[in-house]
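S.K.: Sending over a structure as structure tokens; questions will come in a sec.
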């Protein structure tokens, strides 16, 4: 293999691929990056058997070829180069990265041991990259990071009435976002949230994204990038049954006002981190108290209808729930007892968001 | 105590004091902030017995008084308040922090157990805050952080020929900076580098700084802030004997060019992190190699005089040494064998800087 390419182009591709497939410490092959040069360009790819990523870049290819090299060192070297052009050329058992005045060489790994990049699916669902990115920034971070309970580490993605519904829970809260989509096929799949969180970050620069499903993987495709991921087993989380019959108190408030007050009052919360929200006629009064820390109380204006049910929350969860509504008003539908509170937008949005958070026993209970 | 004050003013004072005296976990009193309100304002102070800090702020004082409260919670609460004015008032056994719509209350600590803020010295040495801040950013970070060897955790500060000389070493490298000063008294003292590093950060906003010494402490005074610190015992590090008779190779190079190349080549260094610098007629060739990682080589233009002694360095130390010369040319005076390399400015600067770094055995030695 021997090719010349714009450094910044290849550096961005390598960085994206390494972030999408961080690899596995125990197996250097699965932490490798596969470079495939054909007549018109180079594909930067990686696979850890459960997920794959590939990015295509135009290049001046002198000799075609296919090599596997350590991923992170390649990405780091390209990132740190100031020289605008870089040449990648196989020299003996090394891949040389040559730029003006400099030569770096990475050992070649055995390309035959690599699982390859598989065959991505094509027909699927189209959605705006910006919408999906925004939805994932809330939903993918709500899933659990506890690998011992894999069923809570996934995001359920499903087409419903020309919208794509994304849903995740860690048992204590649940986020449901729906975005407009154009569906050539039905989709109903649960995939790892960690990968989707990284996809969401990279998507914010993309136009249209296609999601396509086959027997055992989901393919996401945008710009020059294709990502595949194995599907999690998750019959659960498939239904959209939200029983709101218990709601007796509804509060409308500016999300940022409540978020800022929550942050301040949370400084004084007990070791659990619980704050109470007292619902008044035209105010919410946030309270926290702890023997050691002191006590805090802050009132903010709110529009209250129905009863005066006054729940307590883990302040961290309430903050996570409020953040995606930032800059807008949010409606809190509160149920009595230990039943969930449901947060929704007041004004309709392109991305329809429902965030469900469980209450906690009040402080000093 | 009862006073009203501009929130941002008091928040900045509390944050500065808490950063200068982070306190001790084992003793809440030494992690406390002392608030002293008199007719015209409030002094925010702290002491951990070895260091003290106090900042004065104008305030509308309704009732004078003196209280001790937990420092970090006070600073955090003030930092997070959006309300422009805040009222601090003693209510029973609590200090209430009242702002529009909100009340926070911190428990009062026993002010009689606090060691107080002592008496700072006055007559001393004047130096520009900007100069001292810049010198400390290099010198204070070169000292060791290893508390087991307290003698290497200090910065020696000494007046010599109308300049203030600051010097620190961790045994592997040494930084010496001299800045112009106006001295009413001689100064020769060794004080903890960690405190000076924080002082350096806060000083960048200050005009003139005064350093004054008495029997067992050094006082630093700028704007509305006074800091004192206990003196370390350090007869050593007092002499400015730099024996450069062994220098046989001198290299002049742009500091940023060498720094950038060092960073790139260091990606390929061995487990020790060593890179070698081969001195040619008009170039420096940086090399690193490691069995697992691969190999790197980069050449940069340099002006070389004298011999061709080619040392190796810990890349991290070489980067630390080059960083303070950023944006300018640097002269490396290289000695053969395992003797130190001395880095200095090529063009005279207000802050005269000498950085000494020890070489290492070359890679694969």
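Residue numbers (full-length UniProt numbering), protein chains in the order written: chain D, 1 to 365; chain E, 1 to 365. The C-beta atom is built at its ideal place from N, Cα and C for all residues, glycine as well.
Using a Cβ-Cβ cut-off of less than 9 angstroms, list which residues of the stretch 247 to 274 of chain E approach chain D; keep chain order.
M.R.: Hits within the stretch, in order: 260, 261, 263, 264, 265, 267 and 268.
S.K.: Does residue 105/E get closer than 8 angstroms to chain D when you measure Cβ to Cβ?
M.R.: Taking the first residue of the second chain as position 1, residue 105/E is located at position 105. Judged by the 8 angstroms Cβ criterion, residue 105/E is in contact with chain D.
S.K.: Considering only residues of the stretch 143 to 206 of chain E, which uninterrupted alpha helix (DSSP H) runs meet the minimum length of 4 residues and lie entirely inside it, listed in chain order?
M.R.: Complete alpha helix (DSSP H) runs here, min 4: 193 to 203.
S.K.: Taking the CB atoms as reference points, tell me whether residue 59/D and residue 41/D lie closer together than 8 angstroms.
M.R.: Position 59 of the first chain, counted from the start, is the residue given in the question as residue 59/D. Position 41 of the first chain, counted from the start, is the residue given in the question as residue 41/D. Contact flag set, yes.
S.K.: Going by beta-carbon coordinates alone, are residue 127/E and residue 164/E separated by less than 8 angstroms?
M.R.: Position 127 of the second chain, counted from the start, is the residue given in the question as residue 127/E. Position 164 of the second chain, counted from the start, is the residue given in the question as residue 164/E. Going by C-beta atoms, residue 127/E is nearer than 8 angstroms to residue 164/E.
S.K.: Does residue 294/D have its Cβ less than 8 angstroms from a Cβ in chain E?
M.R.: For the purposes of this step, residue 294/D is taken as the residue at position 294 of the first chain. At least one chain E Cβ lies under 8 angstroms of residue 294/D.
S.K.: Considering only the alpha carbon of each residue, which of 79/D, 67/D and 74/D lies closest to residue 91/D?
M.R.: Counting from 1 along the first chain, the entry for residue 91/D is found at position 91. Taking only the C-alpha atoms, the option nearest residue 91/D is 67/D.
S.K.: Report the rounded CA-to-CA distance for residue 109/E versus residue 79/E, giving the unit in angstroms.
M.R.: As a first step, residue 109/E must be located in the second chain, where it is residue number 109. As a first step, residue 79/E must be located in the second chain, where it is residue number 79. Whole-angstrom Cα-Cα distance: 21 angstroms.
S.K.: Pull the bridge partners of residue 105/D from the DSSP assignment, please.
M.R.: What you label residue 105/D is simply residue 105 of the first chain in a count that begins at 1. In DSSP, residue 105/D forms a bridge with 96/D and 295/E.
S.K.: Can you list, in chain order, the residues of its chain with a C-beta nearer than 6 angstroms to that of residue 221/D? Leave out the 5 residues immediately preceding and following it.
M.R.: Position 221 of the first chain, counted from the first residue, corresponds to residue 221/D. Cβ within range, chain order: 210.
S.K.: Does DSSP put residue 137/E in a helix, in a strand, or in coil?
M.R.: Mapped onto the second chain, residue 137/E falls at position 137. Residue 137/E: helix per DSSP, three-state reduction.
S.K.: Starting from the N-terminal side, write out each stretch of the alpha helix (DSSP H) that is 4 residues or longer and does not extend beyond the stretch 250 to 326 of chain D.
M.R.: Counting whole runs of 4 or more residues, the stretch 250 to 326 of chain D contains the alpha helix (DSSP H) stretches 255 to 266 and 315 to 322.
S.K.: Flag this pair as touching only if the stretch 99 to 107 of chain D and the stretch 34 to 51 of chain D have three or more C-beta atom pairs under 8 angstroms; answer yes or no.
M.R.: Too few Cβ pairs lie closer than 8 angstroms, so no.
S.K.: Say whether chain E places a C-beta atom closer than 8 angstroms to the C-beta of residue 299/D.
M.R.: In the first chain, counting from the first residue as 1, residue 299/D sits at position 299. It does; some Cβ of chain E falls within 8 angstroms.
S.K.: Quick one: using the 10 Å Cβ neighbour count with 16 as the cut-off for buried, is residue 276/E buried or exposed?
M.R.: Along the second chain, one-based indexing puts residue 276/E at 276. Under this definition residue 276/E is a buried residue.
S.K.: Using beta carbons (cut-off 8 angstroms, strictly below), is residue 7/E in contact with chain D?
M.R.: Counted from its first residue, the second chain places residue 7/E at position 7. No, residue 7/E lies away from the interface with chain D (no Cβ there is under 8 angstroms from its Cβ).
S.K.: Please say whether residue 300/E and residue 251/E have beta carbons closer to each other than 8 angstroms?
M.R.: The residue labelled residue 251/E in the question sits at position 251 within the second chain. The residue labelled residue 300/E in the question sits at position 300 within the second chain. Result no, Cβ atoms of residue 251/E and residue 300/E do not sit closer than 8 angstroms.
S.K.: Among 336/D, 363/D, 287/D and 225/D, which one has its Cα closest to the Cα of residue 18/D?
M.R.: One-based indexing of the first chain puts residue 18/D at position 18. Cα-wise, what sits closest to residue 18/D is 225/D.
S.K.: Name the one or two DSSP bridge partners that residue 90/D has.
M.R.: In the first chain, the residue the question calls residue 90/D occupies position 90. Its beta-bridge partners are 95/D.
S.K.: Can you check which of these residues, 311/D, 319/D and 271/D, is closest to residue 335/D by C-alpha distance?
M.R.: Counting from one through the first chain, the residue named residue 335/D turns up at place 335. Closest by alpha carbon: 311/D.
S.K.: From residue 31/D to residue 283/E, what distance separates their C-alpha atoms?
M.R.: Counting from 1 along the first chain, the entry for residue 31/D is found at position 31. Counting from 1 along the second chain, the entry for residue 283/E is found at position 283. Using only the alpha carbons, I get a separation of about 36 angstroms.
S.K.: Residues in the same chain with beta-carbon distance under 6 angstroms from residue 134/D, minus the five sequence neighbours each way, listed in chain order, please.
M.R.: The residue labelled residue 134/D in the question sits at position 134 within the first chain. Excluding sequence neighbours, residue 134/D sits near 351.
S.K.: Excluding the five sequence neighbours on either side, which residues of its own chain have a C-beta within less than 8 angstroms of the C-beta of residue 274/E, listed in chain order?
M.R.: The residue labelled residue 274/E in the question sits at position 274 within the second chain. Excluding residues within five positions, the ones whose Cβ falls inside 8 angstroms are 288, 312, 313, 314, 315, 360, 361, 362 and 363.
S.K.: Going along chain D in order, which residues have a C-beta closer than 9 angstroms to the C-beta of residue 80/E?
M.R.: As a position in the second chain, residue 80/E is number 80, starting the count at 1. By Cβ distance, chain D contributes 260, 263, 264 and 267.
S.K.: Count the other C-beta atoms from every protein chain shown that fall within 10 angstroms of the C-beta of residue 93/D, then say buried if there are 16 or more, exposed otherwise.
M.R.: Here the question's residue 93/D lines up with position 93 in the first chain. With fewer than 16 other Cβ atoms within 10 Å, it is exposed.
S.K.: To the nearest whole angstrom, what separates the beta carbons of residue 162/D and residue 181/D, a pair I think is in contact under 8 angstroms?
M.R.: Walking along the first chain from the start, residue 162/D turns up at place 162. Walking along the first chain from the start, residue 181/D turns up at place 181. About 7 angstroms separates the two Cβ atoms, so the contact holds.
S.K.: Considering only residues of the same chain and omitting the five flanking positions on each side of residue 189/D, which have a CB-CB separation below 8 angstroms?
M.R.: One-based indexing of the first chain puts residue 189/D at position 189. Here the set comprises 156, 157, 158, 213, 218 and 231.
S.K.: Beta-carbon of residue 278/E versus every beta-carbon of chain D: anything under 8 angstroms?
M.R.: Translated into positions along the second chain, residue 278/E becomes position 278. Output row for residue 278/E: interface = no.
S.K.: Short check: CB of residue 267/D to CB of residue 115/E, under 8 angstroms?
M.R.: Reading the first chain from its first residue, position 267 is the one you call residue 267/D. Reading the second chain from its first residue, position 115 is the one you call residue 115/E. Their beta carbons are not under 8 angstroms apart, which means residue 267/D does not touch residue 115/E by this criterion.
S.K.: Run down chain E in chain order and give the residues with a C-beta less than 7 angstroms from the C-beta of residue 76/D.
M.R.: For the purposes of this step, residue 76/D is taken as residue 76 along the first chain, with counting starting at 1. What residue 76/D touches in chain E: 267.
S.K.: In angstroms, rounded to a whole number, what distance separates the CA positions of residue 223/E and residue 9/E?
M.R.: Against the second chain, residue 223/E aligns to sequence position 223. Against the second chain, residue 9/E aligns to sequence position 9. Approximately 13 angstroms, taken between the alpha carbons.
S.K.: Any beta carbon of chain E sitting closer than 8 angstroms to that of residue 1/D?
M.R.: As a first step, residue 1/D must be located in the first chain, where it is residue number 1. No, residue 1/D lies away from the interface with chain E (no Cβ there is under 8 angstroms from its Cβ).
S.K.: Of the choices 323/D, 39/D and 184/D, whose alpha-carbon is the least far from that of residue 257/D?
M.R.: Taking the first residue of the first chain as 1, we reach residue 257/D at position 257. Ranking the options by Cα distance to residue 257/D, first place goes to 323/D.
S.K.: Measuring CA to CA, which of 215/D, 172/D and 144/D is closest to residue 195/D?
M.R.: Taking the first chain and counting its residues from 1, the one referred to as residue 195/D is at position 195. Comparing Cα positions, the closest option is 144/D.
S.K.: On the DSSP letters alone, give me the boundaries of the alpha helix (DSSP H) that residue 17/E sits inside.
M.R.: Here residue 17/E corresponds to residue number 17 of the second chain, with the count starting at 1. 7 to 20 is the extent of the alpha helix (DSSP H) around residue 17/E.
S.K.: Which chain D residues are close to residue 101/E, counting only those with a beta carbon under 7 angstroms from its beta carbon?
M.R.: Counting from one through the second chain, the residue named residue 101/E turns up at place 101. Those are 298, 299 and 300, listed as they occur along chain D.
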